[in-house]
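For the sequence shown, this note's numbering gives the first residue as 512, with consecutive numbering after it.
Just below is one structure, and these are the notes that go with it.
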Amino acid sequence: DHKVPDLVVLDMNLPHVSGHYIYKKLRSEERFVAMPIIIATANSLIAEALGPDMGPRDHLLIKPISPTQLRNIARNMFPSGIK
């Protein structure tokens with residue numbers, strides 16, 4: 512039995528695999544469907560391509576991203592805190 516993370520931060524610009532591929536793979540597995548994903552990209556076209564696939568709890572960030580910005584988004588996603 513594998514645990515599901517409370518939140519995933521996924522960079523779309525990975526060196527050996529497409530972030531879009533990982534996103535679709537996560538969303539294709541039932542246990543990850545409700546898990547929120549913060550998607551980070553420097554390419555706004557990627558954002559447009561993901562649009563129809565994005566879940567209601569997902570959030571898109573255009574790089575550069577500050578630690579404060581990331582922390583604030585995570586806090587908004589989990590107002591009562593993260594486990």
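Here a beta-carbon is modelled for each residue, glycine too, at the ideal position from N, C-alpha and C.
Computed from a predicted model, the values in this text were never measured in an experiment.
Per-residue burial, residue i [other beta carbons within 10 Å of its own, 16 or more giving buried]
i	result
leucine 556	exposed
isoleucine 573	exposed
Residue nearest to residue i in terms of C-alpha spacing, selected from the options
i	options	result
aspartate 564	His531, Ile573 and Val515	His531
histidine 570	Ile576, Ile584, Asp517 and Phe589	Ile584
alanine 551	Lys514, Thr579 and Asn524	Asn524
alanine 558	Ser577, Leu521 and Met588	Leu521
asparagine 495	Ile576, Glu541 and His513	Since the first residue of the chain shown is 512 and the last is 594, residue 495 is not available in this structure.
lysine 535	Pro526, Phe589 and Gly566	Gly566
glutamate 541	His513, Phe589 and Val528	His513
valine 519	Val528, Ala545 and Ser529	Ala545
Residues bridged to residue i (per DSSP)
i	result
aspartate 522	Ala551
leucine 571	Ile550
Interface flag, residue i vs chain D, CB-CB below 8 Å
i	result
leucine 521	The structure shown contains no chain D, having only a single protein chain.
Anticipated Cβ contact below 8 Å, residue i with residue j, distance rounded
i	j	result
methionine 588	proline 547	5 Å
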